[in-house]
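Novice:
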Amino acid sequence: MERWTAQELVSLWPRPRTTEHGSRSAVVSPSSRFTHTFGCCTDLLELAVDRARRHIFWAAPGEKGSLPLPHLRVRAPDGQGSSPPERRACSRDPTSRDPLPAFVELRLEVSAQQPTPLQLGVDESYELDLRGTSGVLRATTEWGALRGLESFAQLVQWTGSDYQICGLPLLIRDSPEWKWRGMLLDTARHFLPLETAILPMLNAMEALKLNVLHLHLTDAHSFPFGSAALPELPAHGAMHPRLVYSLDDLRWLVEQARLRGIRVVPELDMPAHTAAWGHGRPDLTIACPRRVLEDEEGAEHGLNKVALHPLLEATYEAIESLLREMADVFPDEYVHLGGDEVDGECWLTHPDVRKWAGDWARQANRHGTSWKEQLQGTFTQRVARMAQRHGKRVILWDDAMEAVAAVGMKPASLTIAVWRDWVKRYHERRDQALLLGHDVIWASLNWYQDLPGNTWDVMYKAETMPKSFLGGQTCSWHEHGDAFNLQQRTIIRAAAVAERLWSAGSFIADCYRVL
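The opening residue of the sequence shown carries number 384 in my numbering; numbering runs sequentially from there.
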């Protein structure tokens, strides 16, 4: 059996801030104890320990539901199958006959005596201090303890005959570089079942130390948000009556995410990307069928141009009802209100908008902004105030920056998600958002999961963002993806982004080995 060095096996993803290791090893077994000895949140930590055990002991012989997985079979050029060699034993003196010591106990110590709210900027630091036969995981909050448990689980290696932890004594001190480390899941283009699609993604996010699920809940193609206040929207706007997330479904999702240290930020995309609203409430949208049919190959989907009617009072009444429900279901302080790809030509197909635009054009010399910027800004300002009354901070895509500036919205009240890094002089736009006083989230096109050219190494090497950003996220859009290919499309590439968001630098040379 080929043996790896301690340095090779003390490999964590994402890379921790500091690591000091020795050269000894110990055997971890299902009888090894995880003991919560100090601090709050025993129930949450017990569930986390159960997940860590399942992660560690996936191949323990004789464990119920945890039989060894078959070796990977490799087809050799001569047509014969072969199995790769066992590689995951720690280095030790080959002449030694002494058995490795048993790792007996990992103690969890949390400084906080009361639960810490899961919110932007919560302390996720931890220290993992492992000696010969025991260790201590120290964290200020329960959320840091979750991150440390994940690191411990990764350190334990299956050798083919037992589980070993290498590089002892081992001291890891770790904390994230950015506060916002997210993944967008698009549940509107293809419905993603909660238990079989989204829950496994939450498990992957926990393993990668991602902490924000951006739930792109509605779009032009469907409205799966199970509103009780406006049931006609999901009844007619969802792809099928069963392909709807009830309010209780979403509460369950929020709780499952919380248990893994993940915040859920919902997006109600508007005023464009709302064609699905029109199936249940045609009065709320401007359909512009000719504009939809003008869509060119390679351009944005024509259906996305259908937009909410910005001059209709009923539009705002409906939005108010939806935001009230969302505030009750999603406790996070943030809500995403879209703002991208608003097509002025679609709006102009409605006579009320044409009149409004004409009136505005006659005042253009005094105002210095286009009618579209002013109208979108007026719409956004009113909707943002609704969200703020429900205790929410608003996120918008960077397309909306000119519109909100046109109506004088305070930049500090809005967070901008920058995704258009492919447009000319985008650096100026990105930096402008900071200079104006917006908080900024980096959602680079280079981190888009739906682009096949974005392989994991391309995503890892992509330009990162300034330290002054809140953080960033990878976006898994699902026009061409669904529950059947979600994991294989997403997880490995999300891992590349996760390390760039957690760790302070780029370590591409090590990535080919570790990942």
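Each residue gets a CB set at the ideal place from its N, CA and C atoms; glycine is no exception.
In this text, all values refer to a predicted model and were calculated from it rather than measured experimentally.
(1) Applying the criterion that 16 or more other CB atoms from any shown protein chain within 10 Å of the CB defines a buried residue, is Asn837 buried or exposed?
(2) To the nearest angstrom, how far is it from the Cα of Thr752 to the Cα of Trp743?
(3) Please name the residue in Asn687, Ser508, Gly515 whose C-alpha comes closest to that of Ala571.
(4) Check for me: the beta strand (DSSP E) holding Gln547 runs from which residue to which?
(5) DSSP puts Asp569 in a beta bridge; with which residues?
(6) Give me the Cα-Cα distance between Asn868 and Pro734, rounded to the nearest whole angstrom.
(7) Kindly list the residues whose CB is nearer than 8 Å to the CB of Trp589, restricted to its own chain and excluding five residues on each side of it in sequence; keep chain order.
(8) So what's Pro468 in DSSP terms, helix, strand or just coil?
(9) If you scan the stretch 628-665 from start to end, which runs of the alpha helix (DSSP H) of 4 or more residues do you find wholly inside it?
(10) So if DSSP puts Phe608 in a beta bridge, which residue, or which two residues, is it bridged to?
(11) Taking the Cβ atom as the reference point for each residue, do Thr579 and Ala866 lie within a distance shorter than 8 Å?
(12) Roughly how many angstroms lie between the CA atoms of Pro794 and His821, to the nearest whole one?
(13) Residues in its own chain within less than 7 Å of Pro576 by CB, not counting five upstream and five downstream?
(14) Is DSSP giving Trp825 helix, strand or coil here?
(15) Beta-carbon within less than 6 Å of Ala816's beta-carbon, same chain only, minus the 5 sequence neighbours each way: which residues are those?
(16) Check for me: the alpha helix (DSSP H) holding Ala879 runs from which residue to which?
(17) Sort out for me which residues DSSP pairs Val718 with in a bridge.
(18) Out of Gly760, Gly741, Arg707, which has the shortest C-alpha to C-alpha gap to Asp723?
(19) Given a threshold of 16 other Cβ atoms within 10 Å of its Cβ, counted over all protein chains shown, does Arg521 qualify as buried or as exposed?
(20) Which residue's Cα is closest to the Cα of Pro614: Leu551, Leu593, Gly661, Val801?
(21) Assign Ser408 to one of three DSSP states: helix, strand, or coil.
(22) For Leu593 versus Ala881, is the C-beta spacing smaller than 8 Å?
(23) Quickly, what does DSSP pair Gln540 with across the bridge? List them, please.
(24) Let me make sure I understand the geometry here. Which of His861, Glu696, Leu489, Cys424 has the alpha-carbon closest to that of Arg436?
(25) According to DSSP, is Arg437 part of a helix, a strand, or is it coil?
(26) Which of the three DSSP states is assigned to Asp735 in this structure?
(27) Per the DSSP calculation, Ala800 is bridged to which residue(s)?
(28) Would you kindly work out how many angstroms separate the C-alpha atoms of Leu758 and Arg765, rounded to a whole number?
(29) Sort Thr524, Leu598, Ala879 by Cα distance to Leu428 and report the nearest one.
(30) Could you check the C-alpha separation between Asp481 and Gln547 for me, to the nearest Å?
(31) Does DSSP put Phe421 in a helix, a strand or coil?
(32) Just the Cα atoms here: how many angstroms apart are Val637 and Ala767?
(33) Taking 7 Å as the cut-off, is the C-beta of Thr542 nearer than that to any heavy atom in the ligand GDP?
(34) With three or more beta-carbon pairs closer than 8 Å as the criterion, would you say the stretch 409-423 touches the stretch 601-616?
(35) Go to Glu703, then tell me how far its beta strand (DSSP E) extends in each direction, as first and last residue.
(36) With respect to the beta strand (DSSP E) encompassing Leu491, which residues constitute its N-terminal and C-terminal limits?
Specialist: So, from the data block:
(1) buried
(2) 9 Å
(3) Asn687
(4) 546-557
(5) His599
(6) 44 Å
(7) Before going further, note that residue 589 is Glu rather than Trp in the sequence given. Correct list, in chain order: Arg434, Leu529, Glu533, Arg643, Gly644, Ile645.
(8) Interpretation of Pro468 is limited by its pLDDT of 40, a score under 50 that renders its predicted location unreliable; the figure taken from the coordinates is listed afterwards. Coil at Pro468, not helix or strand.
(9) 630-642, 660-663
(10) Tyr628
(11) Using a Cβ distance threshold of 8 Å, Thr579 and Ala866 count as a contacting pair.
(12) 5 Å
(13) Ala866
(14) strand
(15) When the five nearest sequence neighbours on each side are left out, the beta carbons in the same chain lying within less than 6 Å of the beta carbon of Ala816 are those of Ile799, Val823, in order along the chain.
(16) 869-885
(17) Val777
(18) The shortest C-alpha separation from Asp723 is found at Gly760.
(19) Burial call: buried.
(20) Gly661
(21) Under the three-state reduction of DSSP output, Ser408 falls in the strand class.
(22) yes
(23) Gln547
(24) When the alpha-carbon of Arg436 is set against those of His861, Glu696, Leu489, Cys424, the nearest one is in Leu489.
(25) helix
(26) helix
(27) Trp780, Ile824
(28) 11 Å
(29) Thr524
(30) Answer to the nearest angstrom: the Cα atoms are 15 Å apart.
(31) strand
(32) 23 Å
(33) Ligands displayed in this structure: none; no statement on the ligand GDP is therefore possible.
(34) no
(35) Glu703 -> not in any beta strand (DSSP E); alpha helix (DSSP H) instead, spanning 696-712.
(36) 488-493
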